[in-house]
Amino acid sequence: MSKGPNKKKIIITGASSGIGRELALLYGKEGHDLAITSRRKNVLEDIAKEIRSFNKGGKVILASLDVSESADNFKVLPKLAKELGGVDLFIANAGISTNSSFGQKSFEADKKVIDTNLIGLMAGISALQPIFRDQKKGQIVGISSVASFRGLPGSASYSTSKAAVSTYLEALRGEVRQFGVKVTVIHPGFIDTPINQKLKSRPFLVSAEKGAKKIYNRIESGVRSATVPWFPWAMIGVLMRSLPEFIWEKIGPK
Numbered sequence: 007m008s009k010g011p012n013k014k015k016i017i018i019t020g021a022s023s024g025i026g027r028e029l030a031l032l033y034g035k036e037g038h039d040l041a042i043t044s045r046r047k048n049v050l051e052d053i054a055k056e057i058r059s060f061n062k063g064g065k066v067i068l069a070s071l072d073v074s075e076s077a078d079n080f081k082v083l084p085k086l087a088k089e090l091g092g093v094d095l096f097i098a099n100a101g102i103s104t105n106s107s108f109g110q111k112s113f114e115a116d117k118k119v120i121d122t123n124l125i126g127l128m129a130g131i132s133a134l135q136p137i138f139r140d141q142k143k144g145q146i147v148g149i150s151s152v153a154s155f156r157g158l159p160g161s162a163s164y165s166t167s168k169a170a171v172s173t174y175l176e177a178l179r180g181e182v183r184q185f186g187v188k189v190t191v192i193h194p195g196f197i198d199t200p201i202n203q204k205l206k207s208r209p210f211l212v213s214a215e216k217g218a219k220k221i222y223n224r225i226e227s228g229v230r231s232a233t234v235p236w237f238p239w240a241m242i243g244v245l246m247r248s249l250p251e252f253i254w255e256k257i258g259p260k
């Protein structure tokens, strides 16, 4: 259990399921102070209760937050940071997806993906920026995806959002280093979460628990960027980036 100077104040968005939930449980078991958010407050209450059952030394607070409502990030996140007494680690995890082919897509569904995955992440980081800047320390973690490596047919808006997240965090890293703040971007492969459970094919699938543990280890090691799991997705990523356009365009929607 973490105590004293090793005890962190952590905010996690999208903590009601999948990677966010598992990370909350992992950090809770370590005794850190947690603030967890999601659109589903009732689910968060169950998770908070579970964490409190084994987290004897850490604080657990929660709040309902739809990160796609940009203004809400500026209302909710600074308030949570104040209740925690600061923020050492912000994990921008909230994300959604939509899968359909050209001619079947809904613009509103695509817009919601961008508003949630990209704009929501940017709003969350911006909302906490003054705190990180003033305290001159901390770590910002953004959950991207291997889908950011190349535009995936059938997942255009999702690939776009995650590519933009990776680029945004890469640029942000150079902007915040003067304030002693680190930036980590995580590119998960297929981790068994609700965001991909409707897909017909999920190669090299790992459980949410196993995937989150690997992500936890990467975050705690302070890496700038990591593909999770490293094998085989790091190699697949190289292949995805190097395939000629005329081959890539033959890959149909999954």
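First residue of the sequence shown? That's 7 in our numbering, and the numbers climb one at a time after it. Quick reminder that beta carbons are idealized off the backbone N, C-alpha and C, glycines included.
Taking C-alpha atoms, which residue in the options lies nearest to residue i?
i, options, result
"residue 168", "218, 232 and 120", "120"
"residue 151", "82, 50, 164 and 142", "164"
"residue 142", "117, 161 and 185", "185"
"residue 171", "182, 83 and 155", "155"
"residue 192", "183, 255, 153 and 122", "153"
"residue 96", "43, 212 and 245", "43"
"residue 229", "197, 241, 176 and 238", "176"
"residue 16", "45, 67, 52 and 49", "67"
"residue 13", "27, 38, 29 and 33", "38"
In the DSSP assignment, the beta strand (DSSP E) including residue i goes from what residue to what residue?
i, result
"residue 198", "Taken as a continuous stretch (DSSP letters only), residue 198 belongs to no beta strand (DSSP E), as it is neither H nor E."
"residue 229", "Unbroken run through residue 229: none, as it is neither H nor E."
"residue 189", "187-194"
"residue 40", "39-44"
"residue 14", "Taken as a continuous stretch (DSSP letters only), residue 14 belongs to no beta strand (DSSP E), as it is neither H nor E."
Residue i and residue j look like a contact to me (Cβ under 8 Å); what is the Cβ gap, rounded to whole Å?
i, j, result
"residue 101", "residue 225", "About 16 Å separates the two Cβ atoms, so there is no contact after all."
"residue 161", "residue 103", "7 Å"
"residue 85", "residue 145", "Rounded, the Cβ-Cβ distance is 20 Å, inconsistent with contact."
"residue 92", "residue 57", "Contact flag wrong, Cβ pair sits at about 20 Å."
"residue 23", "residue 45", "Wrong, their Cβ atoms sit about 11 Å apart, outside the cutoff."
"residue 25", "residue 99", "6 Å"
In its own chain, which residues sit with a C-beta less than 6 Å from the C-beta of residue i, not counting the 5 before and 5 after it?
i, result
"residue 221", "192 and 234"
"residue 139", "185"
"residue 242", "none"
With residue i as the anchor, note down where its alpha helix (DSSP H) starts and where it stops.
i, result
"residue 96", "Run containing residue 96: none in the alpha helix (DSSP H); it sits in the beta strand (DSSP E), 95-98."
"residue 118", "113-120"
"residue 25", "24-35"
Near residue i, what residues of its chain come up, given a Cβ to Cβ distance below 7 Å and the 5 sequence neighbours on each side ignored?
i, result
"residue 133", "79, 80, 83 and 84"
Within a Cβ cutoff of 8 Å, which residues of the same chain sit near residue i, ignoring the five residues on either side of it in sequence?
i, result
"residue 174", "124, 127, 128 and 148"
Ignoring anything shorter than 3 residues, give me the beta strand (DSSP E) runs that lie fully in the segment 60-84, in order along the chain. 66-70
Could I get the ranges of all uninterrupted beta strand (DSSP E) runs contained in the segment 130-180, with 3 residues as the minimum, in chain order? 144-149
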